[in-house]
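K.L.:
Residue numbers (our numbering): 597 to 901.
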């Protein structure tokens with residue numbers, strides 16, 4: 597007992613190895629964290645300092661002008677609310693489709709289990725392409741509709757397979773048979789027993805689907821025509837494109853116009869950093885809330901296919 601309580605003496609090789617690993621991990625952390633830190637300090641620095649490359653480790657001439665300009669642009673606040681709608685509604689629909697599908701395919705008594713699973717797997721490797729998908733969205737009346745960004749991607753096959761494996765490993769057939777003896781139906785078993793026991797995988801699906809909806813912009817670029825329905829990421833892209841266009845037009849005008857255009861570009865660059873911070877806040881809030889379920893949900897749902 598006393599020997600067990602004694603501190604194990606570490607060899608010189610162990611200390612050297614741990615020190616090297618610590619240094620390597622610290623360098624990797626700094627490489628990963630610095631871009632985010634740079635965006636934060638740039639968003640509260642003077643536009644001239646950011647454009648002149650003076651912002652490196654600390655903010656220069658601290659101000660909130662970028663955030664003030666963002667708050668004045670009605671497009672940004674409207675698109676932010678649009679992104680919230682796409683993320684919340686899209687994630688709820690994803691869960692409503694993915695979880696029942698995964699549960700059904702996890703039951704060994706489902707006759708068409710292999711056929712349906714194979715059908716879904718084929719869609720992971722063979723897709724119709726951009727133009728056929730666009731035509732389907734157009735023919736179904738979802739073009740320039742907010743639901744056009746939600747319904748076509750209601751089911752993620754990879755996420756469904758992860759959830760199916762989770763159900764297979766955690767919701768045993770014996771548990772279902774015991775509930776069936778008591779007269780429990782499939783629907784009641786799913787809602788009353790399976791879902792309450794599936795908090796980890798639900799949290800993972802919320803993270804995967806939610807971040808995907810929040811960061812998506814390409815489908816909106818294809819299917820959306822009305823600016824009032826644009827998500828935040830698409831508005832951010834529009835601001836950057838307009839900035840480049842204005843700078844190109846000013847290159848062939850007078851010196852005063854070029855100077856004004858340059859100042860405008862510096863302001864837009866500052867707004868870009870502020871927008872990145874604003875658009876990242878929901879994801880940064882979501883991760884800590886789901887972190888405790890992340891490792892458990894992913895590992896359990898990915899042991900076997």
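Yeah, the Cβ is synthetic: ideal placement off N, Cα and C, and Gly gets one too.
Going by C-alpha to C-alpha distance, which of 872, 879 and 865 sits closest to residue 644?
P.N.:
Here residue 644 is taken as the residue at index 48 of the chain shown, counted from 1. Of the listed residues, the one whose Cα sits closest to residue 644 is 865.
K.L.:
Can you tell me whether residue 777 is buried or exposed, with buried defined as 16 or more other CB within 10 angstroms of its CB?
P.N.:
In the chain shown, counting from the first residue as 1, residue 777 sits at position 181. Looking at its Cβ environment, which holds fewer than 16 other Cβ atoms inside 10 Å, residue 777 is exposed.
K.L.:
Which residues bound the alpha helix (DSSP H) around residue 747?
P.N.:
In the chain shown, the residue the question calls residue 747 occupies position 151. Careful: residue 747 lies outside any alpha helix (DSSP H) and carries neither H nor E.
K.L.:
Residue 686 and residue 819 - do their beta-carbons sit closer together than 9 Å?
P.N.:
For the purposes of this step, residue 819 is taken as residue 223 along the chain shown, with counting starting at 1. For the purposes of this step, residue 686 is taken as residue 90 along the chain shown, with counting starting at 1. In this structure, residue 686 does not lie closer than 9 Å to residue 819 by Cβ.
K.L.:
Go ahead and pull the three-state DSSP assignment for residue 659.
P.N.:
The sequence position of residue 659 within the chain shown is 63, counting from 1. Reduced to three states, the DSSP call for residue 659 is coil.
K.L.:
From residue 832 to residue 871, what does the alpha carbon distance come to, in whole angstroms?
P.N.:
Along the chain shown, read from residue 1 onward, the residue named residue 832 stands at position 236. Along the chain shown, read from residue 1 onward, the residue named residue 871 stands at position 275. Residue 832 and residue 871: Cα-Cα distance of roughly 7 Å.
K.L.:
If you draw a straight line from the alpha carbon of residue 699 to that of residue 824, how long is it in whole angstroms?
P.N.:
Here residue 699 refers to the residue found at position 103 of the chain shown. Here residue 824 refers to the residue found at position 228 of the chain shown. Each residue's Cα considered, the two are about 38 Å apart.
K.L.:
Measure the C-alpha to C-alpha separation of residue 714 and residue 694 and round it to an integer number of angstroms.
P.N.:
As a working mapping, residue 714 is identified with position 118 in the chain shown. As a working mapping, residue 694 is identified with position 98 in the chain shown. Taking the straight line joining both Cα atoms gives about 16 Å.
K.L.:
Taking the straight line between their C-alpha atoms, what separation do you get for residue 640 and residue 809?
P.N.:
To locate residue 640, count along the chain shown from 1; it is residue 44. To locate residue 809, count along the chain shown from 1; it is residue 213. Looking at the two C-alpha atoms, the distance is approximately 28 Å.
K.L.:
Hey, residue 767 and residue 788: beta-carbon distance below 9 Å or not?
P.N.:
Reading the chain shown from its first residue, position 171 is the one you call residue 767. Reading the chain shown from its first residue, position 192 is the one you call residue 788. No, Cβ-Cβ distance for residue 767 and residue 788 is not below 9 Å.
K.L.:
Is the beta carbon of residue 801 sitting closer than 9 Å to the one on residue 759?
P.N.:
The residue labelled residue 801 in the question sits at position 205 within the chain shown. The residue labelled residue 759 in the question sits at position 163 within the chain shown. Result yes, Cβ atoms of residue 801 and residue 759 sit closer than 9 Å.
K.L.:
Quick check: the Cα distance between residue 651 and residue 626, rounded to an integer number of angstroms?
P.N.:
Position 55 of the chain shown, counting from 1, holds the residue named residue 651. Position 30 of the chain shown, counting from 1, holds the residue named residue 626. Near 17 Å, if we compare the C-alpha coordinates of residue 626 and residue 651.
K.L.:
Does residue 822 come out as helix, strand or coil in the three-state DSSP assignment?
P.N.:
Your numbering for residue 822 matches position 226 in the chain shown. Coil, per DSSP.
K.L.:
Give me the Cα-Cα distance between residue 877 and residue 798, rounded to the nearest whole angstrom.
P.N.:
Start at 1 with the first residue of the chain shown, and residue 877 comes out as number 281. Start at 1 with the first residue of the chain shown, and residue 798 comes out as number 202. Taking the straight line joining both Cα atoms gives about 22 Å.
K.L.:
Determine the DSSP secondary structure at residue 652, reduced to helix, strand or coil.
P.N.:
Residue mapping note: residue 652 aligns to position 56 of the chain shown, counting from 1. Looking at residue 652 - three-state DSSP - the assignment turns out to be coil, as it is neither helix nor strand.
K.L.:
Any idea if residue 720 is buried or exposed, counting beta-carbon neighbours within 10 angstroms, 16 or more meaning buried?
P.N.:
In the chain shown, residue 720 corresponds to position 124, counting from 1. Exposed, by the Cβ-count rule.
K.L.:
Taking DSSP as the reference, what is the three-state secondary structure of residue 909?
P.N.:
This structure gives no information on residue 909, because the portion of the chain shown stretches from 597 to 901.
K.L.:
Buried or exposed, going by whether 16 or more other CB atoms sit within 10 Å of the CB of residue 868?
P.N.:
Residue numbering aside, residue 868 sits at position 272 when the chain shown is read from its first letter. Residue 868 should be labelled buried.
K.L.:
Using the three-state DSSP reduction, which class does residue 784 fall into: helix, strand or coil?
P.N.:
Locating residue 784 in the chain shown gives position 188, counting from the first residue. DSSP places residue 784 in helix when its eight states are reduced to three.
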